[in-house]
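Peer 1:
Protein chains: 2
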Amino acid sequence: MTAYERITIGDSIAFGAHRFTAEEIKRFAVAYDPQPFHTDEAAAAQSHFGALCASGWHTSAVMMRLFVKYFASEIERTKARGEPAPQLGPSPGFDDLKWLKPVYAGDEIAFSGTIVAKRESRSRPGWGIVSIETTGINQKGEPVFAYTGHVFAAIAAKT
Amino acid sequence: MTAYERITIGDSIAFGAHRFTAEEIKRFAVAYDPQPFHTDEAAAAQSHFGALCASGWHTSAVMMRLFVKYFASEIERTKARGEPAPQLGPSPGFDDLKWLKPVYAGDEIAFSGTIVAKRESRSRPGWGIVSIETTGINQKGEPVFAYTGHVFAAIAAKT
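Residue numbers (the numbering used here), protein chains in the order written: chain A, 87 to 245; chain B, 87 to 245.
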C-alpha cells in the first residue's frame, strides 16, 4: 500500500496547539499587518476587538507551522514502521478561509484537519490532490479559524 | 458623501509592489513554513519548484502589509481633502485563495485590488462588507496570487 493509498477520507489529524503571546502577536503584526489592534494593547482596548489580538494571517501561518511539524513527524513514523513515506508537493490554494473569532493574546489554539477529498490530478501525472478541512479551536472550545486546503501528494511516493 | 458611499464597484487600487529576497523568504519560512524548498537553495533546486521560492503564506502576508500601507495613505489623503476618512473593521475571511505560480527569490510582485461587491451588514448595524478581488502579478506579467477578501467598513465613518 502506498502512502497515497493510505490517505482515507474522514480521517482526522491533530496538528498540535499553540499559545499566542502578546509579544509574538505584535512582532508578526509590525512586519506584516500593522493595524493598531494587532500592534498596541491600548489602541486595541479602544477598538471593536476590545483587546490585543493576532492578525488573521498570523493565525494562518502558525497553523501552517504546526501542519509542517506534524507532517515531518508523520514521515518519521512511517519510516520507522518501514512503510513508504508520504510526499507533499505544492498547494494550489484553498477555499473559504474563515476567521470566526479573534485570537487574543494568551489564547491557546488547537488545530486539526479532516481529510474531505482526494483525487488524481489530471494536469500532474503521478500526483493526487488531497483536500483537508482544517479548524482552529480556542481554550474555551470556540472555533476561531477554518479553511479547506488542497495539496498535491505523490501517488507512488518512494521511501 | 460618506467614505462608504464613495466606495465604487469596479474601482481598482494599486497596493504597491515588493521584491522578495532570498533572505526574507528563508526567514519567514523558518518561522512559519519550514519546508526545504522555502528554507534552503540547494534543497529547493532538487524540488519540484526548481529554486528557492516563498511560502504562499509569506506572499499573502506581504500583500496584507501593502494593503495596510495603502489604506493608511488613503486615510491621510482623504483627511487632507477634508473628506470623512474610511474606517475598516475586522475581516470575516475570504474565498478561493489561489497560489498560481511560485514566487521565486528575486521576483517582484505588484498587488492590486478591484472592488467587486459592497453590501450593508445585517449582523453589524452601521457597517458594510466590502469585497475586494486582489491579484499579485510578477515582473513577467504572470499572475502568481489571487483571492477575494471581505472586510467590514464603517458606513458613517467619522473624520
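Glycine is no exception: its CB is placed at the ideal position from the N, C-alpha and C atoms.
(1) Determine the chain B residues that contact P178(A) at a beta-carbon separation under 9 Å, and present them in chain order.
(2) For the alpha helix (DSSP H) containing Y156(B), list its first residue and its last residue.
(3) To which residues does DSSP link R105(A) through a beta bridge?
(4) Considering only DSSP beta bridges, list what K204(A) is partnered with.
(5) What's the gap between the Cα of T220(A) and the Cα of G168(B)?
(6) Using a C-beta to C-beta distance shorter than 9 Å, which residues of chain B count as neighbours of P120(A)?
(7) Going by DSSP, what residue range makes up the alpha helix (DSSP H) through F123(B)?
(8) What's the call for D193(A), buried or exposed, on a 16-neighbour Cβ count within 10 Å?
(9) Would you report the Cα separation of T245(A) and A89(A), rounded to the nearest angstrom?
(10) Please tell me whether G101(A) and A191(A) are closer than 8 Å, where the distance is taken between their beta carbons.
(11) Please state whether DSSP places V230(B) in a helix, a strand or coil.
(12) Are the C-beta atoms of A140(A) and some chain B residue less than 8 Å apart?
(13) Using 10 angstroms around the beta-carbon of P229(A), count the other beta-carbons present and answer buried if the total reaches 16, otherwise exposed.
(14) Can you tell me where the beta strand (DSSP E) holding G179(A) begins and where it ends?
(15) Could you tell me which residues DSSP pairs with H134(A) in its beta bridges?
(16) Our contact map puts M150(A) next to D181(B) with C-beta atoms below 8 Å; I'd like the distance itself, whole angstroms only.
(17) Exposed or buried, which one is G136(A) when buried takes at least 16 other CB atoms within 10 Å?
(18) Roughly how many angstroms separate the alpha carbons of R92(A) and L152(A), rounded to a whole number?
(19) Going straight from the alpha carbon of A117(B) to that of M87(B), what length do you get?
(20) Please tell me whether D181(B) has its Cβ less than 8 Å away from any Cβ of chain A.
(21) What in chain B is Cβ-close to A147(A), meaning under 9 Å?
(22) To the nearest angstrom, how far is it from the Cα of H134(A) to the Cα of I95(A)?
(23) Taking only beta-carbon positions, decide if G227(A) is within less than 8 Å of chain B.
(24) Quick check on A100(A): does DSSP put it in helix, strand or coil?
(25) Give me the residue from S146(B), L138(B) and V237(B) with the minimum Cα distance to F197(B).
(26) Chain A partners of G175(B), CB-CB under 7 Å?
(27) Just tell me which of V189(A), L174(A), L183(A) and I218(A) has its CA closest to the CA of Y233(B).
(28) Report the residue from V154(B), V189(B) and P188(B) whose alpha carbon sits nearest the alpha carbon of G175(B).
(29) Does DSSP put I223(B) in a helix, in a strand, or in coil?
(30) Closest by CA to R113(B), which one among H104(B), A129(B), S141(B) and G212(B)?
(31) P188(B): buried (16+ other C-beta within 10 angstroms of its C-beta) or exposed?
(32) Output yes or no for whether 8 Å exceeds the beta carbon distance between F231(A) and I195(A).
Peer 2: In brief:
(1) Here residue 178(A) is taken as the residue at index 92 of the first sequence, counted from 1. Within 9 Å Cβ-Cβ: K184, W185 and L186.
(2) The residue given as residue 156(B) occupies position 70 in the second sequence. Here the alpha helix (DSSP H) through Y156(B) covers G142 to A166.
(3) Locating residue 105(A) in the first sequence gives position 19, counting from the first residue. Per DSSP, E194(A).
(4) On the first sequence, residue 204(A) is found 118 positions in, with the first residue counted as 1. The partner list for K204(A) (beta bridge, DSSP) reads V216(A).
(5) Looking up residue 220(A) in the first sequence gives position 134. Looking up residue 168(B) in the second sequence gives position 82. Cα to Cα, the separation comes out at about 45 Å.
(6) Start at 1 with the first residue of the first sequence, and residue 120(A) comes out as number 34. Result: R151, V154, K155 and A158.
(7) Against the second sequence, residue 123(B) aligns to sequence position 37. Residues P122 to T125.
(8) The sequence position of residue 193(A) within the first sequence is 107, counting from 1. Its Cβ being crowded by 16 or more others within 10 Å, D193(A) is buried.
(9) Stepping through the first sequence from its first residue, residue 245(A) is reached at position 159. Stepping through the first sequence from its first residue, residue 89(A) is reached at position 3. At T245(A), the pLDDT of 42 sits below 50, so the modelled position is not reliable; the number obtained from the coordinates is stated separately. Whole-angstrom Cα-Cα distance: 9 Å.
(10) Sequence index remark: in the first sequence, residue 101(A) carries index 15 (1-based). Sequence index remark: in the first sequence, residue 191(A) carries index 105 (1-based). Note that residue 101(A) is Phe in the sequence shown, not Gly. Against a cut-off of 8 Å, the Cβ pair of A191(A) and F101(A) comes out as no contact.
(11) One-based indexing of the second sequence puts residue 230(B) at position 144. Three-state DSSP puts V230(B) in a strand.
(12) As a working mapping, residue 140(A) is identified with position 54 in the first sequence. It does not; no Cβ of chain B falls within 8 Å.
(13) Position 143 of the first sequence, counted from the first residue, corresponds to residue 229(A). Exposed.
(14) Counting from 1 along the first sequence, the entry for residue 179(A) is found at position 93. Here the beta strand (DSSP E) through G179(A) covers G179 to W185.
(15) As a working note, residue 134(A) is residue 48 in the first sequence. Answer is none; H134(A) lacks a bridge partner.
(16) In the first sequence, the residue the question calls residue 150(A) occupies position 64. In the second sequence, the residue the question calls residue 181(B) occupies position 95. M150(A) to D181(B), Cβ: 19 Å. No contact.
(17) On the first sequence, position 50 is the one that residue 136(A) refers to. G136(A) is exposed by the Cβ-count criterion.
(18) Within the first sequence, residue 92(A) is the residue found at index 6, counting from 1. Within the first sequence, residue 152(A) is the residue found at index 66, counting from 1. Between R92(A) and L152(A), the C-alpha separation is close to 21 Å.
(19) In the second sequence, residue 117(B) corresponds to position 31, counting from 1. In the second sequence, residue 87(B) corresponds to position 1, counting from 1. Whole-angstrom Cα-Cα distance: 45 Å.
(20) For the purposes of this step, residue 181(B) is taken as residue 95 along the second sequence, with counting starting at 1. Closer than 8 Å to some Cβ of chain A, the Cβ of D181(B) qualifies, so yes.
(21) Counted from its first residue, the first sequence places residue 147(A) at position 61. Here the neighbours are F114, A117, Y118, D119, S141, W143, H144, S146 and A147.
(22) Start at 1 with the first residue of the first sequence, and residue 134(A) comes out as number 48. Start at 1 with the first residue of the first sequence, and residue 95(A) comes out as number 9. Cα-Cα distance, rounded: 39 Å.
(23) Here the question's residue 227(A) lines up with position 141 in the first sequence. No, its Cβ sits nowhere closer than 8 Å to a Cβ of chain B.
(24) On the first sequence, residue 100(A) is found 14 positions in, with the first residue counted as 1. Looking at A100(A) - three-state DSSP - the assignment turns out to be strand.
(25) Start at 1 with the first residue of the second sequence, and residue 197(B) comes out as number 111. Ranking the options by Cα distance to F197(B), first place goes to S146(B).
(26) Here residue 175(B) refers to the residue found at position 89 when the second sequence is read from its first residue. Going along chain A in sequence order, the residues near G175(B) (Cβ under 7 Å) are H134.
(27) To locate residue 233(B), count along the second sequence from 1; it is residue 147. The shortest Cα separation from Y233(B) among V189(A), L174(A), L183(A) and I218(A) belongs to L183(A).
(28) Residue mapping note: residue 175(B) aligns to position 89 of the second sequence, counting from 1. If we check each option's Cα against that of G175(B), V154(B) comes out closest.
(29) The residue you call residue 223(B) lines up with position 137 of the second sequence. DSSP places I223(B) in strand when its eight states are reduced to three.
(30) Taking the first residue of the second sequence as position 1, residue 113(B) is located at position 27. Closest option to R113(B), Cα to Cα, is S141(B).
(31) As a first step, residue 188(B) is located in the second sequence; it is residue number 102 there, counting from the start. P188(B) sits buried, since 16 or more C-beta atoms from the chains shown fall within 10 Å of its C-beta.
(32) Against the first sequence, residue 231(A) aligns to sequence position 145. Against the first sequence, residue 195(A) aligns to sequence position 109. Yes, they are a contact pair.
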